[in-house]
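Since the structure comes first, as structure tokens, the remarks are kept for the end.
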Amino acid sequence: MITFLTLLTISILNVQLSFEQMLGKSKKEIQTIMNSNSEFNINNFGVSTNDNTLRYYNAKKDVTLIFYFNNSQNCMHIKWIEDIDAAEKKVQELNQKYKKSGKNWTTNTNNKNVIIELDKEEYNYSLNYHY
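So the number in the numbering used here is just where the residue sits in the sequence shown, counting from 1, plus 11.
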């Protein structure tokens, strides 16, 4: 059953990665999903052995994606980092897809409230997905 669900998730995510759906998944499940997605490649450069993370970048290397795991190896936080020039387009996407709550967005996934926070810096922005 788990294999079927993993394959189903991979099929769905090949159409469009839906990060809120990846929260709570095991490190192994996320590796399987990301390895089947040709848009992102694993990034082992500069990864601390003390961090329990997986890092990926897209083919153009202008997007970095970091998955953070708890001690049980379940994903608890996802960070999307991209050039600041793409921020306004991403905000429009978030406004269409999620419910705006203050300066954050929220959605309900797997019976849990997922919060999406936007942080802007001088040269890039990040989206933080977490419970």
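Cβ atoms here follow ideal geometry from the backbone N, Cα and C, with glycine treated the same way. These figures come from a predicted structure and were not determined experimentally.
Range covered by the alpha helix (DSSP H) that runs through residue i
i	result
I95	It is not in any alpha helix (DSSP H) - I95 carries neither H nor E in the DSSP assignment.
K39	K38 to N46
Residue i classed as buried or exposed, judged by whether at least 16 other C-beta atoms fall within 10 angstroms
i	result
E31	buried
F78	buried
Y140	buried
E99	exposed
For residue i, the residue or residues it bridges with in DSSP
i	result
K100	Answer is none; K100 lacks a bridge partner.
K131	Y136
S112	N115
I124	Per the sequence shown, residue 124 should be read as Asn rather than Ile. DSSP output for N124 lists N119 as bridge partner(s).
Whole-Å CB distance - residue i paired with residue j, under 8 Å assumed
i	j	result
K90	S137	5 Å
I44	Y67	Wrong, their Cβ atoms sit about 11 Å apart, outside the cutoff.
Y109	N124	Not quite, the Cβ-Cβ distance comes to about 11 Å (not below 8 Å), so this is no contact.
E128	N115	5 Å
I41	C86	6 Å
N135	D94	6 Å
Residue i - DSSP class collapsed to helix/strand/coil
i	result
F51	strand
N61	coil
N85	strand
L76	strand
F30	helix
Endpoints, beta strand (DSSP E) assigned at residue i
i	result
N115	N115 to T120
Y67	T64 to N69
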